[in-house]
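Residue numbers (full-length UniProt numbering): 1 to 135.
Backbone N, C-alpha and C define an ideal beta-carbon position, used for all residues, glycine too.
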């Protein structure tokens, strides 16, 4: 597998929508419903109140032209020195193959190269803990 990481933009909306719809049951475990059709747009643009769009980082992991993983984070939340990971999702068929680790390493690299960030933080939703435990 030859993978590359890139920033995701609105141009990647279709690929991101496809990935999010193939969520391996994440949305049911966390929200109690299937993923919403506009979830990809939310991943690209939603951020905590008071943070500008530049605080948002959304990266994708591509295998050739197929998006196989996504991670998003916001800088400056909940404190100025924190980068908070909001989502790390890998397509069902690629889980267990190190894709999540590659995305995590890319986020760590982003955090380490941001002079204002000293902490990378994430939370695991209790109803998703068993699925996320391996990561």
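Going by the DSSP bridge assignment, what does residue i pair with across the sheet?
| i | result |
| --- | --- |
| residue 4 | 62 |
| residue 74 | 56, 84 |
| residue 69 | 61, 90 |
From what residue to what residue does the beta strand (DSSP E) around residue i run?
| i | result |
| --- | --- |
| residue 122 | 119–122 |
Please list the terminal residues of the continuous alpha helix (DSSP H) segment that includes residue i.
| i | result |
| --- | --- |
| residue 96 | Run containing residue 96: none; DSSP gives neither H nor E here. |
| residue 17 | 13–21 |
| residue 42 | 39–45 |
Give the secondary structure of residue i by DSSP, where H, G and I count as helix, E and B as strand, and everything else as coil.
| i | result |
| --- | --- |
| residue 32 | coil |
| residue 108 | helix |
| residue 130 | helix |
| residue 51 | coil |
Could you tell me how far apart the beta carbons of residue i and residue j are, in whole angstroms, since I believe they sit closer than 8 Å?
| i | j | result |
| --- | --- | --- |
| residue 83 | residue 120 | 5 Å |
| residue 103 | residue 126 | Their Cβ separation, rounded to whole angstroms, is 22 Å, which puts residue 103 and residue 126 out of contact at 8 Å. |
| residue 89 | residue 23 | 6 Å |
| residue 101 | residue 62 | Actually they do not touch by this definition, with Cβ atoms about 16 Å apart. |
| residue 94 | residue 68 | 5 Å |
| residue 106 | residue 86 | Going by Cβ atoms, the distance from residue 106 to residue 86 rounds to 15 Å, so no, they are not a contact pair. |
| residue 76 | residue 51 | 6 Å |
Mind checking if residue i is an interface residue toward chain D, Cβ cutoff 8 Å exclusive?
| i | result |
| --- | --- |
| residue 71 | Annotation note: the requested chain D is absent from the structure, which comprises a single protein chain. |
Next item on the list: Could you tell me whether the stretch 55–65 touches the stretch 8–23, using the rule of 3 or more Cβ pairs below 8 Å?
Entry: yes
Check: Do three or more CB pairs link the stretch 35–47 to the stretch 108–120 at distances below 8 Å?
Finding: Flag = no, the stretch 35–47 and the stretch 108–120 do not touch.
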